[in-house]
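The next block holds one structure in the form of structure tokens; read it before the comments.
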Amino acid sequence: MISNVQKEILRLKKEKNAVILAHAYQAKEIVEIADETGDSYALSVAATKYDCDAFIMCGVHFMAETVKMLSPDKRVFLANYNAGCPMAEQMDPQIISQIKEKEPDRTVVAYINTTAALKTVCDVCVTSATAVKICREIENKKLLFIPDCNLGSYVQKQLPDKDIKLLQGGCPVHAAVTLGDLKAVRERHPDALVLVHPECRPEVVEMADYVGSTTGIMKFARESEHKEFIIGTEISITEHLQYECPDKEFYNLSKKILCPNMKLTTLMDVYKTLQNLDNGKAFEIKMDDELISKAKVCIDEMIRLGG
Ligand code: 13P
Ligand code: SF4
């Protein structure tokens, strides 16, 4: 059911020629008013096709930065300025530069969940949906994969011929889930298929029936003949799937997979951002041209190899 706030958002969005992008981890009422919903890769590619005056990102900071890099002439706003991804901040560009100096023969692969500053010292970006494909496409066998060592070790298992150096980093939300959590929920729902995000720990990923990005998990569950699923990613996906497929049953792998940053954005944040688009009160992403051109190299490479 559409609320008055949602109606007003849709009206303002049209009036201001703005496009709303929502990561799939956003709440249902936000997904309902978004022009595009999807995983990190889908959102970055979708943003390039709009001829609008402004983008409003309902997600976290690095996602808005990515949209700005791909559409530098457009104004890009983050609906809630506090929404950051702790993983994106984990690695210092200087440390990565030092590792590169010691091991110059490694191609540096950055998960898209990184700051623009970190992207300037990397060669190519990947998302959870494209990591295996892109790493396979890279001619060099020797890679440095940052910052998520869980996603990196999943890629290493899929591509045993590659020599992938990993550093200690990752998503604190997905990494909180243990094998014990998985065994407990499986005992309660023995007939359910287990679908997990590769940001989970390797021992959890190993037990899964399907491993994929947010969009991949949703697609698999929608299209499967199976009736019960344990969802090993942010708990909003369980809710979205349950609405979409009422004849199937969805269970959370763990209530620990709740991302507090993704939960910060409210419908009123979107409304206020639209209202304040032109008075300096909304949170606009500002990046200088040099940062954009240096950081964008690895995003362009991601789209070239991942497309
Ligand atoms: P995807 O959008 O690539 O599935 O990643 C999930 C995530 O944690 C985003 O921050
Ligand atoms: Fe970052 Fe993890 Fe939250 Fe995604 S789920 S925004 S990777 S902390």
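Residue numbers (my numbering): 16 to 322. Where a beta carbon is used, it is the ideal one built from N, C-alpha and C, also for glycine. In this text the structure is predicted, and so the values were computed from the model without any measurement.
Closest by CA to residue i, which one among the options?
{"i": "V192", "options": "A103, M222, K22, P87", "result": "M222"}
{"i": "P101", "options": "E202, N95, C186, I179", "result": "C186"}
{"i": "E214", "options": "A132, Y169, N267", "result": "Y169"}
{"i": "A132", "options": "V141, A146, I111, T230", "result": "I111"}
{"i": "T230", "options": "V220, T253, V219", "result": "T253"}
{"i": "K270", "options": "L256, I245, D262", "result": "I245"}
{"i": "E118", "options": "L158, I24, H38", "result": "L158"}
Excluding five sequence neighbours on each side, which residues of the same chain lie with their C-beta closer than 8 Å to the C-beta of residue i?
{"i": "T69", "result": "The identity of residue 69 in the sequence shown is Ala, whereas the question assumes Thr. These residues qualify, in order along the chain: K31, N32, A33, V34, K89, R90, V91, F92, L292."}
{"i": "V220", "result": "N165, Y169, V211, P213, V226"}
Do residue j and residue i count as a contact pair if the criterion is CB distance below 8 Å?
{"i": "V211", "j": "G247", "result": "yes"}
{"i": "T122", "j": "I153", "result": "yes"}
{"i": "K43", "j": "Y258", "result": "yes"}
{"i": "Y331", "j": "V20", "result": "Residue numbering for the chain in the displayed model covers 16 to 322; residue 331 lies beyond these limits and cannot be assessed."}
{"i": "E80", "j": "I300", "result": "yes"}
{"i": "A62", "j": "V75", "result": "no"}
{"i": "T130", "j": "S55", "result": "no"}
{"i": "D138", "j": "K156", "result": "no"}
{"i": "L11", "j": "L197", "result": "Past the boundaries of the shown model lies residue 11; the chain is included only from 16 to 322, so the question cannot be answered."}
{"i": "M84", "j": "A310", "result": "yes"}
Please classify residue i as buried or exposed, where buried requires at least 16 other C-beta atoms within 10 Å of its C-beta.
{"i": "I40", "result": "Before going on, a small fix: residue 40 reads as Tyr here, not Ile. Label assigned to Y40: buried."}
{"i": "I161", "result": "buried"}
{"i": "K242", "result": "exposed"}
{"i": "A98", "result": "buried"}
{"i": "A94", "result": "buried"}
{"i": "S228", "result": "buried"}
Cutting at 7 Å between CB atoms, please list the residues of its own chain near residue i, excluding the five before and the five after it.
{"i": "C274", "result": "Y40, V188, E249"}
{"i": "T288", "result": "I71, F92, A94, A297"}
{"i": "R237", "result": "E259, C260"}
Here's a check: name, in chain order, each residue in its chain whose Cβ is nearer than 6 Å to the Cβ of residue i, leaving out the five neighbours to either side.
{"i": "P217", "result": "S168"}
{"i": "C140", "result": "A125, I127, C313, I314, M317"}
{"i": "D206", "result": "E243"}
{"i": "A103", "result": "F77, N128, T129, T130"}
Subject >> Segments assigned alpha helix (DSSP H), at least 4 residues, entirely inside the stretch 103-132 >> reply: 108-117
Original post:
Which runs of the alpha helix (DSSP H), 4 residues or longer, sit entirely within the stretch 246-311?
Top reply: 250-259, 282-290
Original post:
With distances taken from each beta carbon to the nearest heavy atom of the ligand PLP, which residues come in below 5 Å, in chain order?
Top reply: No copy of the ligand PLP occurs in the structure displayed; its ligands are the ligand 13P and the ligand SF4 alone.
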